[in-house]
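Its first residue numbered 2, the sequence shown is counted upward by one per residue in the numbering used here.
A virtual CB, placed ideally from N, CA and C, is assigned to each residue, including glycine.
Since the model is a prediction, treat every value here as computed from it, not as a measurement.
Right, one structure below, let's go through it.
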Amino acid sequence: PTVTPTWALLGCYLDATPPTLSNRTSIVNGDSAMTIEACETACYFGSGFLYAGVETGSQCWCGSFVANERTVNTTCNIPCAGKPSEICGGTGRINVYKAILPVVTASTIQTSSSTATSKSTATPSSTSMPTWFPIGCYSDDSSARSLNTRTSITGGDTNMSSKNCIAACGAGGFTYAGVENGVECYCDSAIRSSGTPSDGCSNIACKGNATEICGGVNRLNVFLNPQF
2 PTVTPTWALL GCYLDATPPT LSNRTSIVNG DSAMTIEACE TACYFGSGFL YAGVETGSQC
62 WCGSFVANER TVNTTCNIPC AGKPSEICGG TGRINVYKAI LPVVTASTIQ TSSSTATSKS
122 TATPSSTSMP TWFPIGCYSD DSSARSLNTR TSITGGDTNM SSKNCIAACG AGGFTYAGVE
182 NGVECYCDSA IRSSGTPSDG CSNIACKGNA TEICGGVNRL NVFLNPQF
């Protein structure tokens, strides 16, 4: 990859079988030098993965999707071997980060590069307004939803836009919002294992704002607010 991403903390995730991120990865100078940045660099520039995760203080994992679910952040509590001021997951817990590439979005949605956390270890202020940013296109299936909660928006489906779906999901306290098929809004606290990064989110305009794209057929444009 030639584009340098901004990394955003998605949160602390359970790690189990299958692993939350699929590939165990070595970093420069070995596990004893583990830092969040070293793992992110190894995953993205070394292997082209958009997800990086640190676990048990000294393990780096990479993947193209997150297989398990988010858990309480305080259970990720082990300092990084190479930088004790940072947290590198926990026992059976992994801090997962997402590479946010510069994208062009509608004016109502800020670009991911401007809204994503510029420091991997930064903690959002509890008094700040919620910030959402796009994390990409995901597959979806009516029999196994990527985001479980179908949500109504103000003005109904004919008023669908990314902004309105995000507002509805935010009001419900959800971490993720997704728009699909031009008129559908879904919310959840995690992307379910059935949902994987995909293409196909470029062909259906939002019913309530034709300048925006609201997913595709069985495809979700997904947005994340890590402050929830």
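May I ask you to report which of helix, strand or coil DSSP gives residue i?
i, result
"phenylalanine 175", "coil"
"asparagine 210", "strand"
"phenylalanine 46", "helix"
"isoleucine 205", "coil"
"asparagine 182", "coil"
"alanine 145", "coil"
"serine 163", "helix"
"alanine 100", "strand"
"alanine 107", "Residue placement at alanine 107 is poorly supported in this model, since its pLDDT is 39, which falls under 50; the coordinates are not used for a value here."
"cysteine 89", "coil"
"alanine 53", "strand"
"cysteine 138", "strand"
"cysteine 81", "strand"
"isoleucine 154", "coil"
"isoleucine 95", "strand"
"glutamate 38", "helix"
So residue i packs on residue j, CB below 8 Å; how close in whole Å?
i, j, result
"tyrosine 187", "arginine 220", "Not quite, the Cβ-Cβ distance comes to about 12 Å (not below 8 Å), so this is no contact."
"cysteine 44", "alanine 34", "Contact flag wrong, Cβ pair sits at about 15 Å."
"phenylalanine 66", "proline 198", "6 Å"
"aspartate 16", "isoleucine 95", "5 Å"
"glycine 179", "valine 223", "5 Å"
"threonine 21", "threonine 57", "Not quite, the Cβ-Cβ distance comes to about 13 Å (not below 8 Å), so this is no contact."
"valine 97", "cysteine 81", "The Cβ separation is near 15 Å, so there is no contact."
Could you give the first and the last residue of the continuous beta strand (DSSP E) run that contains residue i?
i, result
"valine 73", "Per DSSP, valine 73 belongs to no beta strand (DSSP E) and is neither H nor E."
"aspartate 189", "185-189"
"tryptophan 62", "60-64"
"glycine 216", "Per DSSP, glycine 216 belongs to no beta strand (DSSP E) and is neither H nor E."
"glycine 12", "7-15"
"arginine 25", "24-26"
By Cβ distance, which residues of its chain are closer than 8 Å to residue i, with the 5 residues on each side in sequence left out?
i, result
"glycine 156", "Asn165 and Gly209"
"asparagine 74", "Gly12 and Cys13"
"asparagine 160", "Ile154, Lys208 and Gly209"
Excluding the five sequence neighbours on either side, which residues of its own chain have a C-beta within less than 7 Å of the C-beta of residue i, listed in chain order?
i, result
"arginine 226", "The residue asked about is misnamed: residue 226 is asparagine in this sequence, not arginine. The residues are Pro131, Thr132, Trp133, Gly171 and Thr176."
"proline 6", "Tyr45, Ala100, Ile101 and Leu102"
"isoleucine 205", "Asn182, Gly183, Ile214, Cys215, Gly216 and Gly217"
"aspartate 141", "Ser147, Glu181, Gly196, Asn219, Arg220 and Leu221"
"aspartate 200", "Cys138"
Excluding five sequence neighbours on each side, which residues of the same chain lie with their C-beta closer than 6 Å to the C-beta of residue i?
i, result
"proline 19", "Ala68"
"glutamine 111", "Bear in mind that the predicted position of glutamine 111 carries a pLDDT of just 40, short of 50, making it unreliable; the figure below should be weighed with that in mind. Hits under 6 Å: none found."
"aspartate 158", "Val184"
"arginine 71", "Gly12, Tyr14 and Ala191"
"serine 162", "Cys207, Gly209, Asn210 and Glu213"
"serine 48", "Cys63"
"arginine 193", "Ser147"
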